[in-house]
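In our numbering, the protein residues as written are 55 to 335.
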């Protein structure tokens, strides 16, 4: 079974007419991805916006309409008011289905605020953290969504994989080139250790080749690009599922894989993890 995804490196506009420009670009990206056969389109963090609490809008209704028109699943960024008279916003991804309805959402969990979002170069809002790690059924595939540098949190990806997530998305906001080597290594490691697919892309503020699009699988890197636009990658879910259901027992000289099968079964001893659970630092 194959599943085609579109990772978008969005040419993002901040400033006057931000809402109109970014939503129009988002709709064009969806059209291009759908025309190329993608079943799921993933935008980077905070795209199509908003980015600041002095310019609040929601792209949700227009993104729901466009997803329904093109019959695709869509992951898109937004800010969600915390509510209950508390001043602040969750940084979230909506997951929208091909019927135009919301399948679910992911609120960034890590790290605790206020972190970089208040008074930052790109963002400026009072960031609040969520406390849930949901996994979503999209047809016959299970996916998880994390955000940007949450790739540095090994436990988050593992928690999603243990709930059955087969594709874990890490859409990024912005990245520092000096960190690309370590960041890309982590995206790939999350795929290897969880026998999963992992995928990342980022916002771009010009057309120079400074993007950060990577899609990895259990047996290696499938795709990398620094260019803006829509990047289509086909995932072999049947192969991934075989790897998850296989163990190393019985294979000796000739190995029919380039991964570590049993990563979620043979290579886990939760009784040894008490120090991780007990640590507050």
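Think of the CB as a built atom: it goes at the ideal place given N, C-alpha and C, for glycine as much as any other residue.
Margin query: Using a 10 Å radius around the Cβ and a threshold of 16 neighbouring Cβ atoms, would you call residue 92 buried or exposed?
Written below: buried
Check: Among 242, 57, 177, which one has its Cα closest to the Cα of residue 108?
Finding: 177
Next item on the list: Name the one or two DSSP bridge partners that residue 96 has.
Entry: 61, 129
Notebook entry, point to check: Start and end of the alpha helix (DSSP H) containing residue 159?
Noted result: Looking at the DSSP string, residue 159 is not in any alpha helix (DSSP H); the run it does join, the beta strand (DSSP E), is 156 to 161.
Next item on the list: Flag this pair as yes or no: are the beta carbons of residue 166 and residue 187 separated by less than 8 Å?
Entry: no
Item checked: residue 336 versus residue 272: straight-line alpha-carbon distance, rounded -> Outside the shown range of the chain (55 to 335) lies residue 336, about which nothing can therefore be said.
Checklist line | 7 Å Cβ shell around residue 258 - same chain, five flanking residues per side excluded | finding: 63, 64, 65, 66, 264, 265, 282
Notebook entry, point to check: Using a Cβ-Cβ cut-off of 6 Å (strictly less than) and excluding sequence neighbours within five positions of residue 190, which residues of its own chain qualify?
Noted result: Cβ neighbours of residue 190 beyond the five flanking positions: 149, 157, 158, 197.
Note to self: Out of 103, 89, 114, 120, which one is the CA nearest neighbour of residue 81?
What the structure shows: 120
Notebook entry, point to check: From the DSSP output, which residues share a beta bridge with residue 255?
Noted result: DSSP output for residue 255 lists no bridge partner at all.
Check: For residue 60 versus residue 96, is the C-beta spacing smaller than 8 Å?
Finding: In this structure, residue 60 lies near residue 96, with their beta-carbon atoms less than 8 Å apart.
Margin query: Quick check: what's the CA-CA separation for residue 141 versus residue 174?
Written below: 18 Å
Next item on the list: Could you tell me the boundaries of the beta strand (DSSP E) in which residue 238 lies?
Entry: For residue 238, there is no enclosing beta strand (DSSP E); the residue is found in the alpha helix (DSSP H) stretching over 234 to 248.
Notebook entry, point to check: Distance, Cα to Cα, residue 311 vs residue 238?
Noted result: 22 Å
Check: For residue 220, which option in 256, 296, 152, 262 has the closest C-alpha, if you only look at C-alpha atoms?
Finding: 296
Notebook entry, point to check: Expressed to the nearest angstrom, what Euclidean distance is found between the alpha-carbon atoms of residue 168 and residue 182?
Noted result: 7 Å
Note to self: Give me the DSSP bridge partner(s) of residue 267.
What the structure shows: 279
Item checked: Rounded straight-line distance, which links the Cα of residue 79 to that of residue 287 -> Taking the Cα positions, residue 287 is about 21 Å away from residue 79.
Next item on the list: Can you tell me the Cβ-Cβ gap for residue 225 and residue 129, rounded? I've got them flagged as a contact below 8 Å.
Entry: Indeed they touch by this definition, with Cβ atoms about 7 Å apart.
Next item on the list: Please report the residue range of the alpha helix (DSSP H) in which residue 314 lies.
Entry: It is not in any alpha helix (DSSP H) - residue 314 carries neither H nor E in the DSSP assignment.
Margin query: With the cut-off set at 8 Å, would you say residue 103 and residue 74 are in Cβ contact?
Written below: no
Check: How would you call residue 252, buried or exposed, if buried means at least 16 neighbouring beta carbons within 10 angstroms?
Finding: buried
Check: If you draw a straight line from the alpha carbon of residue 270 to that of residue 115, how long is it in whole angstroms?
Finding: 31 Å
Check: Can you round the beta-carbon distance between residue 127 and residue 151 to whole angstroms, since I take them to be within the 8 Å contact cut?
Finding: 6 Å
Notebook entry, point to check: Taking residue 330 as the reference, which of 246, 56, 209, 164 has the closest Cα?
Noted result: 209
Next item on the list: Look up residue 72 in the DSSP assignment and say whether it is helix, strand or coil.
Entry: helix
Next item on the list: Would you check if the distance between the CB atom of residue 147 and the CB atom of residue 137 is smaller than 8 Å?
Entry: Contact: no.
Next item on the list: Using the DSSP secondary-structure output, state which residues sit across from residue 148 in a beta bridge.
Entry: 130, 159
Note to self: Between 99, 101, 249, 87, which has its C-alpha nearest residue 124's C-alpha?
What the structure shows: Of 99, 101, 249, 87, the residue nearest in Cα terms is 87.
Notebook entry, point to check: To the nearest angstrom, how far is it from the Cα of residue 184 to the Cα of residue 171?
Noted result: 15 Å
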